[in-house]
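Residue numbers (my numbering): 1015 to 1166.
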Ligand SMILES: [Zn+2]
Ligand SMILES: [Zn+2]
Ligand SMILES: [Zn+2]
C-alpha cells in the first residue's frame, strides 16, 4: 500500500469541485487524465462508501473502455497524492472516498449497524496517546468494533 507524499492537510485543500481536485492533483505532480476525472466524478456523486469493485463498475458504466488496471492504478495514485483515502469497515473490502470526507466508524459486531463517529469522540484518546506514547492515532482508517445500543 502506497503512502501519501505529504500528510494531506484537508483544511487547506478546496474539494468543492472535480476541477479543484484535479488542480490539486496537478499541483502535487500528478496528471489530470480523463480516467481520473471520471473516477473523481463517481466519488463526488457517490452516497456512502465504494469498494474498488463498485468504483470499477461505476467508472466503466460511464466509460466502458477504461481498463480495470487503469482504474486500480488511478486509485493508488490518487491516494498517494492525498486526494482520496480508503477505510476498512469490518470484514468487507476496503472502501474509498474523497479525502475531505474521511470520518470514523463504529460497527456493531452483533447486527452490523454502522455509526459514523464525529472526530471529537477521539480527541481525548488522541491527546493521551500522543502524550503518553508519542503516537498519533488515525481514527478514520479502521472502524472500531463493538455493540450498538440495541444489541448491548
Ligand atoms: Zn488500509
Ligand atoms: Zn447492533
Ligand atoms: Zn462512512
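All residues carry an ideal CB built from backbone N, CA and C; glycine is no exception.
Taking 7 Å as the cut-off, does the CB of residue i come closer than this to any heavy atom belonging to ligand 1?
i	result
residue 1108	yes
residue 1105	no
residue 1081	no
residue 1119	no
Could you check if residue i belongs to the surroundings of ligand 3, using beta carbon to heavy atom distance under 7 Å?
i	result
residue 1061	no
residue 1154	no
residue 1067	no
residue 1123	no
residue 1130	yes
Please state if the CB of residue j and the CB of residue i are separated by a distance shorter than 8 Å.
i	j	result
residue 1049	residue 1084	yes
residue 1039	residue 1058	no
residue 1052	residue 1073	yes
residue 1113	residue 1096	yes
residue 1165	residue 1129	no
Could you please give me the residues that DSSP links to residue i through a beta bridge?
i	result
residue 1065	1109
residue 1130	1119
residue 1029	The partner list for residue 1029 (beta bridge, DSSP) is empty, contrary to what the question assumes.
residue 1159	1121
Using a Cβ-based criterion (distance less than 7 Å to any ligand heavy atom), does residue i qualify as near ligand 2?
i	result
residue 1157	no
residue 1127	yes
residue 1161	yes
Cβ pair count under 8 Å reaching 3, the region 1074-1082 against the region 1029-1045: no
Stretch-stretch touch, CB-based, cutoff 8 Å, three pairs: the region 1106-1116 with the region 1061-1069: yes
Cβ contact check for the region 1151-1163 and the region 1116-1125: 3 or more pairs under 8 Å: yes
At least 3 beta-carbon pairs within less than 8 Å: the region 1097-1104 vs the region 1135-1143: no
Unbroken stretches of the alpha helix (DSSP H), 4 residues or longer, contained in the region 1070-1125: 1082-1094
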